[in-house]
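Enquirer: Numbering (my numbering), first residue to last: 10 to 102. Think of the CB as a built atom: it goes at the ideal place given N, C-alpha and C, for glycine as much as any other residue. Have a look at this one before I ask anything.
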Amino acid sequence: KRGRLKILFQPAEELGAGALSMIEGGALDDVEMILGFHLRPLEECVVGQAVPAVLYSACSTLEATIKGQPAHAARPHLGGNALDAAVQAGPGG
Numbered sequence: 010k011r012g013r014l015k016i017l018f019q020p021a022e023e024l025g026a027g028a029l030s031m032i033e034g035g036a037l038d039d040v041e042m043i044l045g046f047h048l049r050p051l052e053e054c055v056v057g058q059a060v061p062a063v064l065y066s067a068c069s070t071l072e073a074t075i076k077g078q079p080a081h082a083a084r085p086h087l088g089g090n091a092l093d094a095a096v097q098a099g100p101g102g
C-alpha cells in the first residue's frame, strides 16, 4: 500500500500546548498510524541535533524499506529515486 509519510515535530511540548495546537491545525487529519519518539539526551544538545543512543528501556528501533523505480541517468524523471526519499526521511531531511 502506498501512502504518505508525515514527520512531525511538536512545538511547545514542554508547555503542554503543542499537541492541541497541532491537532487543531489539522496535522493529524487523514492519519492512519502514529509512531512517536521522544528525544531526551542526558545533556542538552544544540537545536537540530540528537544523541545517537538508546537511553530508555522502552525505546525500540524502527526499520523501514523505501522502494524506488530505476531509471537511466539521462532520464531520472522517469524513475523514483529511493535514495532521495531516504535522505529526506533521515535527520536533517
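Please state the DSSP three-state secondary structure of G27.
Expert: The answer is helix: DSSP assigns G27 an H, G or I state.
Enquirer: Compare the Cα-Cα distances from G34 to each of E41, L17 and I43 and report the closest residue.
Expert: With distances taken between Cα atoms, G34 lies closest to L17.
Enquirer: What residue range is occupied by the uninterrupted alpha helix (DSSP H) comprising D93?
Expert: That run of the alpha helix (DSSP H) goes A91 to A98.
Enquirer: Leaving aside the five residues before and after A73 along the sequence, list all residues of the same chain whose C-beta is less than 8 Å from its C-beta, in chain order.
Expert: For A73, where only same-chain residues beyond five positions count, the Cβ hits under 8 Å are A98.
Enquirer: Taking L87 as the reference, give the member of P79, S30 and R11 with the closest Cα.
Expert: The shortest C-alpha separation from L87 is found at P79.
Enquirer: Shortest alpha-carbon distance to V40 belongs to which of G27, G89, G12 and L29?
Expert: Out of G27, G89, G12 and L29, G12 has the C-alpha closest to the C-alpha of V40.
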